[in-house]
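Protein chains in written order, with the numbering used here: chain A, 188 to 519; chain B, 188 to 519.
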């Protein structure tokens, strides 16, 4: 049975939403969950939920790294944080995967310090599956590192491509570099050099893609540095929220649109489900020697349940082995 | 009367949409429009529209810079492009403002070459007015330059702040640096240094803002480099398009949601109007010694009409004088 460590203290709604999400997941999926964090806090919420008793255990961790804390410093200082203890469980192979909705920087930092990167990989990257018109795709890096060298951008492409092939089941995924124009002449020096590197490989590289194509789904893997990736992600969330707020205001202003809104509800739900980050669940931290899933800081119980689902799919595939093999073929 | 030069050859739908937009604007607003481009092409469409004959003239320009052409090279090579001829009209004060929906890089390049930047300004930046929940705001740079030094980021803030104050009429506008976190410790070295520069000034600087706040409208001026600004803009467009396509599909799938959609139509129209770039019309290229408005490449006639409206408001204020004065107060 797949064993999952879940950071019970990470995220805006922790520990409650995490504990409830774990209970929900343990009912729905065939897995063993270890909740990591302050035992007393966790048990308080766990006792209120209905869950299969043999499937959830608690691993005490005395400290908590808060969302705004500086990543590297807090990981070094708080040796017994739920993040560090969870990653330790992964390192000692007591679990197969670690999930956290906590301080992303701290998770990335602890994972790299304790698990190290895969042989040949210089930098870890967060790969996030985005919904799009044609089909979903993976964007990497969504925020593990704020900058990237051309080689990092190449390695992100390899990792994203492997994820796309082995986890999303897409054959020979296409890779694009996120840029401000499709032309070769456009973009920063780093992007131009990354393009040259890609062209030396046998990867299915299609060149530059523009941010205007991000939701069209014309490419399987979108590669960018973590700053840009984070901006893409957060702007999308911001716009989705603002749009529904605008729409709600407009719809409830007069009677007919209001009735219309009620009748259209199933459609709205379907669309929200498509964009809602709690449906996506979590994003893999690719490139580290161990499986780490980063869930959204605002995760509710459903998001955590879905992160467990993602984690289970992730564990079933030997993704890291594929990444190592693909890296060897690169020839750059 | 305000005199406007309009690049009739620029944009995906040129010259037709530009000519039609000019005719529409000349009917609605008190202005004189010079359509710049291939005379025969322009007249072909102009003759089909109904417009006040004394308000639109044509200035022939033999060459056209296409959307994908490399900016600097094409400006140098095509001395008689509609962009260059239009900017020349501005330089010789035959018009008060120049509008183009053409190759953005070429417009920026020609403007800087021919008009020069304002005294004290190192780089021009595109300022774009974004819709937001609380109130609209201006983002600068939306894509004039792909990178920026800390000083450029500071000067963008001054220009955006002046635009916000004198064109949007907002008192003492707040300025934020677009970053991946609100904490001082976050971001690239360039952003950290820009933050330090801002803190030495008397500008109403509120620190870092995150992309997740981009549509909340919690700040009046959002400062970023042109690569990031372009990504914010294009991702927003991409998501807005994808969302309406998703929604349309869902809404028309079954009968009740379909009826609901019809009843809610006015609300959708209101929301689309809020996000639609053809309502925004155009974005000023700030920091050059002359008034240049950059319209969206996909501009239709309505977008061009609205760009003319923006241009008229822009001409009425002595914005550049204010920018020069504010720069002197900076003390950095």
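For every residue, glycine included, the Cβ atom is placed at its ideal position computed from N, Cα and C.
### Task
Determine the contact status of residue 325 (chain A) and residue 351 (chain A), defining contact as a CB-CB distance below 8 Å.
In the first chain, counting from the first residue as 1, residue 325 (chain A) sits at position 138. In the first chain, counting from the first residue as 1, residue 351 (chain A) sits at position 164. Their beta carbons are under 8 Å apart, which means residue 325 (chain A) touches residue 351 (chain A) by this criterion.
### Query
Got a sec: which bits of the stretch 236 to 265 of chain A sit with their beta carbon under 7 Å from any beta carbon on chain B, in order along the chain?
Residues 255 and 257.
### Length of the line joining the Cα atoms of residue 242 (chain B) and residue 217 (chain B)
To locate residue 242 (chain B), count along the second chain from 1; it is residue 55. To locate residue 217 (chain B), count along the second chain from 1; it is residue 30. Going from the Cα of residue 242 (chain B) to the Cα of residue 217 (chain B) covers about 9 Å.
### Query
Is the CB of residue 577 (chain A) under 8 Å away from at least one CB in chain B?
Residue 577 (chain A) lies beyond the range of chain A shown here (188 to 519); nothing can be said about it.
### Task
Check residue 379 (chain B) in the structure and name its three-state DSSP category.
Here residue 379 (chain B) is taken as the residue at index 192 of the second chain, counted from 1. Helix.
### C-alpha distance - residue 279 (chain B) paired with residue 428 (chain B), whole-angstrom precision
Residue mapping note: residue 279 (chain B) aligns to position 92 of the second chain, counting from 1. Residue mapping note: residue 428 (chain B) aligns to position 241 of the second chain, counting from 1. Computed Cα separation, rounded: 41 Å.
### Task
Taking the CB atoms as reference points, tell me whether residue 390 (chain B) and residue 323 (chain B) lie closer together than 8 Å.
In the second chain, counting from the first residue as 1, residue 390 (chain B) sits at position 203. In the second chain, counting from the first residue as 1, residue 323 (chain B) sits at position 136. For residue 390 (chain B) and residue 323 (chain B), no; Cβs fall outside 8 Å.
### Query
Can at least three beta-carbon pairs, one atom from the stretch 377 to 385 of chain A and one from the stretch 294 to 305 of chain A, be found at a separation below 8 Å?
No, the stretch 377 to 385 of chain A does not touch the stretch 294 to 305 of chain A.
### Task
Helix, strand or coil for residue 372 (chain A), going by three-state DSSP, please let me know.
Within the first chain, the letter at position 185 stands for residue 372 (chain A). Coil at residue 372 (chain A), not helix or strand.
### Task
Note the first and the last residue of the continuous beta strand (DSSP E) segment covering residue 254 (chain B).
By 1-based counting over the second chain, the position of residue 254 (chain B) is 67. Counting along the chain, residue 254 (chain B) falls outside any beta strand (DSSP E), and DSSP gives it neither H nor E.
### Query
So, does the CB of residue 428 (chain A) fall closer than 8 Å to a CB anywhere in chain B?
Counting from one through the first chain, the residue named residue 428 (chain A) turns up at place 241. Answer yes: the Cβ-Cβ gap between residue 428 (chain A) and chain B drops below 8 Å somewhere.
### Query
Candidates B:472, B:269 and B:234: which alpha carbon is nearest residue 494 (chain B)'s?
Looking up residue 494 (chain B) in the second chain gives position 307. Selected option, being the one with the closest Cα: B:472.
### Query
What residue does the beta strand (DSSP E) around residue 472 (chain A) start on, and which one ends it?
For this step, residue 472 (chain A) is matched to residue 285 along the first chain. In the DSSP assignment, residue 472 (chain A) falls within the beta strand (DSSP E) that extends over 469 to 473.
### Query
In chain B, what lies closer than 7 Å to residue 374 (chain A) by C-beta?
Residue 374 (chain A) sits at position 187 when you count from the first residue of the first chain. Simply 333.
### Query
What is the residue span of the alpha helix (DSSP H) that residue 567 (chain A) lies within?
Here chain A covers residues 188 to 519 and nothing more, so residue 567 (chain A) does not appear.
### Query
Could you check where the alpha helix (DSSP H) with residue 339 (chain A) kicks off and where it finishes?
Position 152 of the first chain holds residue 339 (chain A). Here the alpha helix (DSSP H) through residue 339 (chain A) covers 337 to 353.
### Task
Could you tell me the boundaries of the beta strand (DSSP E) in which residue 397 (chain A) lies?
For the purposes of this step, residue 397 (chain A) is taken as residue 210 along the first chain, with counting starting at 1. Annotation for residue 397 (chain A): the continuous beta strand (DSSP E) segment containing it runs 392 to 397.
### Span separating the alpha-carbon of residue 474 (chain A) from that of residue 425 (chain B)
On the first chain, residue 474 (chain A) is found 287 positions in, with the first residue counted as 1. On the second chain, residue 425 (chain B) is found 238 positions in, with the first residue counted as 1. When rounded, the distance between both Cα atoms is 29 Å.
### Task
Go ahead and pull the three-state DSSP assignment for residue 247 (chain A).
Taking the first residue of the first chain as 1, we reach residue 247 (chain A) at position 60. In the structure shown, the three-state DSSP call for residue 247 (chain A) is strand.
### Message
Determine, for residue 419 (chain A), whether the minimum Cβ-Cβ distance to residues of chain B falls below 8 Å.
### Response
Position 232 of the first chain, counted from the start, is the residue given in the question as residue 419 (chain A). Yes, its Cβ sits closer than 8 Å to a Cβ of chain B.
### C-alpha gap between residue 316 (chain A) and residue 331 (chain B), whole angstroms
If you number the first chain from 1, residue 316 (chain A) lands on position 129. If you number the second chain from 1, residue 331 (chain B) lands on position 144. Each residue's alpha carbon lies about 30 Å from the other.
### Query
Cβ atoms of residue 248 (chain B) and residue 224 (chain B): under 8 Å apart, would you say?
Within the second chain, the letter at position 37 stands for residue 224 (chain B). Within the second chain, the letter at position 61 stands for residue 248 (chain B). Against a cut-off of 8 Å, the Cβ pair of residue 248 (chain B) and residue 224 (chain B) comes out as a contact.
#### Entry: Below-8 Å beta-carbon distance, residue 472 (chain B) vs any chain A residue
Numbered from 1 along the second chain, position 285 holds the residue referred to as residue 472 (chain B). Interface with chain A (8 Å Cβ-Cβ cutoff): residue 472 (chain B) is excluded.
### Message
Let me check understanding here. Comparing Cα to Cα, which of A:396, A:486, A:346 and A:334 lies closest to residue 359 (chain A)?
### Response
Stepping through the first chain from its first residue, residue 359 (chain A) is reached at position 172. For residue 359 (chain A), the closest alpha carbon among the candidates A:396, A:486, A:346 and A:334 is that of A:346.
### Message
Would residue 363 (chain B) and residue 394 (chain B) qualify as a contact pair, given that the criterion is a beta-carbon distance under 8 Å?
### Response
For the purposes of this step, residue 363 (chain B) is taken as residue 176 along the second chain, with counting starting at 1. For the purposes of this step, residue 394 (chain B) is taken as residue 207 along the second chain, with counting starting at 1. Taking 8 Å as the Cβ cut-off, residue 363 (chain B) and residue 394 (chain B) qualify as a contacting pair.
### Query
Can you name the residues of chain A whose CB is closer than 7 Å to the CB of residue 330 (chain B)?
Translated into the one-based positions of the second chain, residue 330 (chain B) becomes position 143. Residues of chain A with a Cβ closer than 7 Å to the Cβ of residue 330 (chain B) are, in chain order, 367.
### Query
Secondary structure at residue 491 (chain A), three-state DSSP: helix, strand or coil?
Taking the first chain and counting its residues from 1, one reaches residue 491 (chain A) at position 304. Secondary structure of residue 491 (chain A) (DSSP, three-state): helix.
### Task
Taking only beta-carbon positions, decide if residue 403 (chain A) is within less than 8 Å of chain B.
Position 216 of the first chain, counted from the first residue, corresponds to residue 403 (chain A). Yes, because at least one Cβ of chain B sits closer than 8 Å to the Cβ of residue 403 (chain A).
### Query
Going along chain A in order, which residues have a C-beta closer than 8 Å to the C-beta of residue 425 (chain B)?
Numbered from its first residue, the second chain carries residue 425 (chain B) at position 238. 398, 399, 400, 401, 402 and 403, listed in chain order.
### Query
Start and end of the beta strand (DSSP E) containing residue 287 (chain A)?
Indexing the first chain from 1 puts residue 287 (chain A) at position 100. Element bounds for residue 287 (chain A): 284 to 287.
### Query
Could one say the Cβ of residue 294 (chain A) lies closer than 8 Å to chain B's Cβ atoms, at least one of them?
On the first chain, residue 294 (chain A) is found 107 positions in, with the first residue counted as 1. Contacts with chain B at 8 Å (Cβ-Cβ) do not include residue 294 (chain A).
### C-beta atoms of residue 385 (chain B) and residue 341 (chain B) nearer than 8 Å
Indexing the second chain from 1 puts residue 385 (chain B) at position 198. Indexing the second chain from 1 puts residue 341 (chain B) at position 154. A Cβ-Cβ contact shorter than 8 Å links residue 385 (chain B) with residue 341 (chain B).
### Message
Is residue 299 (chain A) close to chain B? Criterion is C-beta to C-beta, closer than 8 Å.
### Response
Residue 299 (chain A) sits at position 112 when you count from the first residue of the first chain. In terms of beta-carbon proximity, residue 299 (chain A) stays away from the interface with chain B, with every pair separated by 8 Å or more.
### Message
Distance cutoff 8 Å, beta carbons only. Does residue 232 (chain A) sit that close to anything in chain B?
### Response
Locating residue 232 (chain A) in the first chain gives position 45, where the first residue counts as 1. Residue 232 (chain A) is outside the set of residues whose beta carbon lies under 8 Å from a beta carbon in chain B.
### Message
For chain A, check one thing: does any of its Cβ atoms lie closer than 8 Å to the Cβ of residue 422 (chain B)?
### Response
Position 235 of the second chain, counted from the start, is the residue given in the question as residue 422 (chain B). Proximity of residue 422 (chain B) to chain A, defined by a Cβ-Cβ separation below 8 Å, is satisfied.
### Query
Could one say the Cβ of residue 277 (chain B) lies closer than 8 Å to chain A's Cβ atoms, at least one of them?
Residue mapping note: residue 277 (chain B) aligns to position 90 of the second chain, counting from 1. No, residue 277 (chain B) does not count as interfacial toward chain A.
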